[in-house]
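Visitor:
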Amino acid sequence: MLSHSLKNKAFISITSSIKSLINGNTMRPHILTISAFGPYAGKVEINFDKFGSNGLFLITGDTGAGKTTIFDAITYALFGKASGVDRETTMLRSTYATPDTSTFVQLHFEYGGVNYTVTRSPKQERPKKRGKGTVMQDSEATLQIDKQAPITGITPVDDKLVEILGVTFEQYSQIAMIAQGQFREALVADTKDRAEIFRTIFKTGVYLDLQKRLQEETNAIDIQVQDKRKSALQYVDGATCLATNELAAELNSAKMKVKNNEMTMVDMCQLIEKIIKSEGNLQKGLSAESKVLQQRIFDIDKELDKVQDYSTNKQKHDMAIAEKINREKNIKPTLDKAFEDAKARQAEIDALANEIPQMELLMPKYAELTKVAAGLKDKNKEINDISDKLTKSNSDYASLEQSIKKKEGELKNIKEPGAELSKYNADKTQLDADSEQLTALKSDIEAYIADKSEIPLMQEKVKSAQEDHKNAETEYNLKYDLFIAEQAGYLAEKLTEGTPCPVCGSTLHPLPAVKAPEAPTKAQLDTMEQHKDRLKANVEKLTNELAGKTASIQTKKESLTSRITTILPGVDLNDATIAIANKLKAIAEEIKIIETKLATLNVQCRRKETLEKELPEDREKLHSLTETRSQLIAKKSSAETAYNAETEKKESLRKELVYASEKKARNILSDKKKRKIELENAIEDAKQKLQTYDKELATLNGNIEQLAELIKDAPTTNVKKAQQMKNSLEAEKKTKDKLVSHLIANKTINEGIIKKVNKTIDDLAALEHEYQMKKALSDTANGKLTGKERINLETYVQMAYFDRIIQRANTRLMVMSYGQYELRRRTTFSGNGQTGLELNVLDHYNGTERDVCSLSGGEKFMASLSLAFGLSDEIQAAAGGIQLDTIFVDEGFDSLSDGSLLQALKTLYELADENRLIGIISHVAELKKIDRQIIVSKDNQNYSQISYKY
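For the sequence shown, the working numbering begins at 101 and goes up steadily by one.
1. I'd like the list of long-range same chain contacts for phenylalanine 179, defined as Cβ closer than 6 Å, with 5 residues on each side in sequence excluded.
2. Let me check one thing: in DSSP terms, what residues is methionine 277 bridge-paired to?
3. DSSP three-state call for glycine 161: helix, strand or coil?
4. On the DSSP bridge list, what partners appear for glutamine 976?
5. Could you check if phenylalanine 583 is buried or exposed, using at least 16 other CB atoms within 10 Å of its CB as the buried criterion?
6. From what residue to what residue does the beta strand (DSSP E) around threonine 948 run?
7. My parser needs the beta strand (DSSP E) runs of 3 or more residues fully inside the region 647 to 677; what are they?
8. Roughly how many whole angstroms lie between the Cα atoms of serine 841 and leucine 342?
9. On a CA-only basis, which of Thr163, Gly161, Asp172 is nearest leucine 132? Give me that one, please.
10. For leucine 469 versus leucine 769, is the C-beta spacing smaller than 8 Å?
11. So, at 8 Å on beta carbons, what are the nonlocal neighbours of lysine 479 in its own chain, with the 5 sequence-adjacent residues on each side left out?
12. Please report the residue range of the alpha helix (DSSP H) in which histidine 569 lies.
13. Residues in its own chain within less than 7 Å of proline 612 by CB, not counting five upstream and five downstream?
14. Quick one: give me the first and last residue of the beta strand (DSSP E) that tyrosine 216 is part of.
15. Quick one: what does DSSP say valine 205 is sitting in, helix, strand or coil?
16. Assuming glutamate 974 and arginine 924 make a contact with CB atoms under 8 Å, what is their CB distance in whole Å?
17. For cysteine 953, count neighbouring C-beta atoms within 10 Å of its own C-beta (all shown protein chains included) and say buried if the count is 16 or more, exposed if not.
18. Using CA atoms only, rank isn't needed, just tell me which of Lys228, Leu261, Glu809, Asp450 is closest to lysine 414.
19. Compute the beta-carbon to beta-carbon distance between aspartate 568 and leucine 635, rounded to the nearest angstrom, for a pair I have assumed lies under 8 Å.
20. Using CA atoms only, rank isn't needed, just tell me which of Val703, Ser239, Gln976, Pro433 is closest to arginine 220.
21. Say whether chain D places a C-beta atom closer than 8 Å to the C-beta of isoleucine 844.
22. State the DSSP-derived secondary structure class of threonine 168, mapped to helix, strand or coil.
23. Distance, Cα to Cα, threonine 412 vs leucine 797?
24. Name, in chain order, the residues that DSSP records as bridge partners for phenylalanine 137.
25. So is alanine 197 buried or exposed if we call it buried at 16+ other beta carbons inside 10 Å?
26. Residue range of the beta strand (DSSP E) that methionine 368 falls in?
27. Which value, in whole angstroms, describes the spacing of the CA atoms of lysine 649 and alanine 681?
28. Grouping DSSP H, G and I as helix and E and B as strand, with all else coil, what is isoleucine 849?
29. Take glutamine 630 as the anchor and find which of Ser153, Thr168, Ile372 has the nearest alpha-carbon.
30. Out of curiosity, what's the CA-to-CA distance linking isoleucine 1058 and alanine 734?
31. Where does serine 1044 land, buried or exposed, given buried means 16+ other C-beta within 10 angstroms?
32. Taking the beta carbon of tyrosine 176 as the centre, do at least 16 other beta carbons fall within 10 Å, making it buried, or is it exposed?
33. Determine the direct distance from the alpha carbon of glutamate 501 to that of tyrosine 466, and round the result to whole angstroms.
34. Sorted by chain position, which residues of the same chain lie with C-beta nearer than 7 Å to glutamate 379's C-beta, five sequence neighbours on each side aside?
35. Determine the direct distance from the alpha carbon of threonine 986 to that of arginine 294, and round the result to whole angstroms.
36. Hey, quick one: how far does the alpha helix (DSSP H) through proline 464 stretch, first residue to last?
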């Protein structure tokens, strides 16, 4: 067993080791604001700065009051998720909150010397801003970094916070909160369960994915190997040859042998090549015989063609003679009659030839008649247009003359409004100035009242600041006395009888001072003094601000009183606001009356100006209309004279011409020309047809003579016998050609099989080599090597993390157990299950190592707490050195004995010394001795509230 001195040395060594681990960036929450969140119906502010920068503080209260909800709110602010596994974000709104109270969480925290403020609100139902009813408001998030522009939106804020903190929600939950019961379970977990925990925290799933991928790739290659083998068998099974081939039986036997692995693929390919060679020789012989048969068939076809040509020419000769007879008997007489009929119409053609030129000579006069008629139509339209214009001009003249008389009478009745306009404008200017002066005075009075209302609030702030300073000064004085007592105790430990005291000089020491057990360090005392001085400076600042505000208000009051006396005689400051409002109302009514009168006068002015401008213009228009009327009368008379002259000319032309119009004359002339051309074309057509007949008859006689020469000698070939011989030869050739095609197809198939099988053999060799390599790698990664420990790759990586966690955990456990217990990773394995992450405990008192499950309840608590802090340290180290200055412990302290509880608290005090603030969430009575506390309580309406003790 270890001696007491060894325990103390171990404690000092372990504590130093723990302190040396604290480095990197620090994350410290300052102020947490909760509104309508969980059991908190209203708005609650939790100020962690009240507890200083280190040490322990207790979060205590009744079950269900909302102790753990504080940590839930922190994790929700940072990551948008609550820490509890049964706390969904859609259920975060307090069921006790009033409809108009919004649910949100705001966290002010510091990281790496930079201040951050994050605000989040979940999706929630809220009252409509306008009208009745409610609307669903989406979740929102905002992040303020020092004085930079805020970042808004769920995803941008989430991404930025993970970037800043360097940890995920799961990692933060593991390192910032030691949750109830979780690490007791982790303490006794087997490899499988612990692997799940480490996979989430340390992201070792990539190694598990690698294991699975290696196994999948190995299986895939194995399938490819089997598929290649099946393909090769399918290929050789398709090998073929003629049934009459002497190698056919050997081929069928070889196929069975290959399937039964009694024959190699190489031997099978050699047999197929032998078949290809054998059938190739047979193919050559059959092809030669087929060529001889083809020549004999060609010779017979030539003889049969001669017989066919004679028959065709004989038929053509007979048809040509029949056609000649038909032409001479039927066609020739018809053509002769048509020619004679056409010639009989020559007299009509001659008459038309005389009439057409005479009519063409008269066509210019017909054109002149058309022109004169069109001119008369235009002249008549011109006369009508002038008449319409003259009528309109007379009407316009009468209307304008009447309008001028009316305007002259109206202008005579309008008086000059200039003097009245000047008077009313001057009155309105004065009233506007009075209104502006009163409005400015009213605004200054309202500002004075607003400033005056701030005085009570500023007085309350001064009072609160004075109380904070007084409390801090009292606490500092107490801690200072303890520090001095501690120094005295330190000096007293070194006093010996007979040696002078360095303080009083006495050589007798009957009652030496003792060390104060709760004395602060020099650094802690300096921090408290700085805090006290800051509070004092704040009191002075607020007092000065209050004095300045009071003086400013008095100055404003004096100035306002003077202005009111001048503007509103007999009215004091208190009644000035109402008096100003009444005065402004009266001024507004006067201005309204003046504006109405000004509007009427302005209308009269504008009308007078309009009439004075329009009358000269109207008189000028009347003069212009008089001239226009005279011009139209003269123009109409001239047009009527021209119209009468053209009418006489038209009648003269009508008497000279046969037809009434140019159009009718031209139509008759066109008809005569067409008739003459038709008669001439008929004669020419009949003549052309006779000439064509003579040419065609000459050609027909020539054809008859040629065909008679071709059929002079008839052929002697027996067509029936020749055709029978041809059919017999073609059938024989077809049989041989079909056999040749079969042999060619067999060769193509067999050569393709050899090519595919050879390629498959090469592919199979490469795949089998790859399979052996992949299988060895997969078995190693998945812990399946025969005769080896069943530790897969992921577990191997997790073992390295676990060893570091255990090493960090033992620095706490050795202290809490007074050096008795030390955690060890189990290195002995049994069975076929997954191993590598089981936990044993080494008992230094008896030198034995056993399963960690054998520990008592209190011992398990100390071990699980140590393991939790070890895991927290390892996660922080893995996350790049992040250091949380404030962490929470929500664990079952009620299972500890008094001694174990004292030792656990002592260890937590050491962990919190100078660098960390540790919050313990518990309702254990013994823990209420912790002097700094957040007390969570419920009021008579079941609403959770926060109070402090420090």
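Even for Gly, the Cβ is constructed at its ideal location relative to N, Cα and C.
Guide: On the basis of the data shown:
1. The beta carbon of phenylalanine 179 sits closer than 6 Å to those of Phe269, all from its chain and outside the five residues before and after it, given in chain order.
2. The partner list for methionine 277 (beta bridge, DSSP) reads Phe988.
3. Of the three classes helix, strand and coil, the one that applies to glycine 161 here is strand, per DSSP.
4. In DSSP, glutamine 976 forms no bridge with anything.
5. When all chains shown are included, phenylalanine 583 counts as buried.
6. Start and end: 948 to 951.
7. DSSP runs (the beta strand (DSSP E)) wholly in the region 647 to 677: none.
8. Spanning the two alpha carbons is a distance of roughly 12 Å.
9. Closest by alpha carbon: Asp172.
10. Contact: no.
11. Excluding sequence positions up to five before and after lysine 479, its CB lies within less than 8 Å of the CB of Ala739, Ala742, Tyr743, Glu746, all in the same chain and listed in chain order.
12. From DSSP, the alpha helix (DSSP H) with histidine 569 extends over 518 to 593.
13. Once the five neighbours on either side are set aside, the close Cβ partners of proline 612 are Ala592, Leu595.
14. Here the beta strand (DSSP E) through tyrosine 216 covers 214 to 221.
15. The three-state reading of DSSP puts valine 205 in strand, counting E and B together.
16. Rounded to whole angstroms, the Cβ separation of glutamate 974 and arginine 924 is 17 Å, and the two are not in contact under 8 Å.
17. It is exposed - the Cβ of cysteine 953 has fewer than 16 other Cβ atoms within 10 Å.
18. Here the closest residue by C-alpha is Glu809.
19. That belief holds up - the Cβ atoms of aspartate 568 and leucine 635 are roughly 5 Å apart, short of 8 Å.
20. It is Ser239 whose Cα lies nearest to the Cα of arginine 220.
21. Given the protein chain composition of this structure (a single chain), no chain D is represented.
22. For threonine 168, the secondary structure class from DSSP, reduced to helix, strand or coil, is helix.
23. Their Cα atoms are separated by approximately 22 Å.
24. Note: phenylalanine 137 sits in a beta bridge opposite Tyr140, Arg193.
25. Buried.
26. Residue range 365 to 426 is occupied by the alpha helix (DSSP H) that includes methionine 368, with no beta strand (DSSP E) assigned at that position.
27. Here the alpha carbons of alanine 681 and lysine 649 stand approximately 28 Å from one another.
28. Three-state DSSP puts isoleucine 849 in a helix.
29. The option with the nearest alpha carbon to glutamine 630 is Ser153.
30. Residue 1058 lies beyond the residue range present for the chain, which begins at 101 and ends at 1050; the question has no answer from this structure.
31. Classification of serine 1044: buried, given that the 10 Å Cβ count is 16 or more.
32. It is buried - the Cβ of tyrosine 176 has at least 16 other Cβ atoms within 10 Å.
33. The straight-line gap from Cα to Cα measures roughly 54 Å.
34. Residues of the same chain with a CB within less than 7 Å of the CB of glutamate 379, apart from the 5 flanking positions on each side, are Cys341, Leu342, Asn345, Leu843, Asn846, Lys847 in chain order.
35. For the pair arginine 294 and threonine 986, the Cα-to-Cα distance works out to about 26 Å.
36. Looking at the DSSP string, the run of the alpha helix (DSSP H) that includes proline 464 is 446 to 513.
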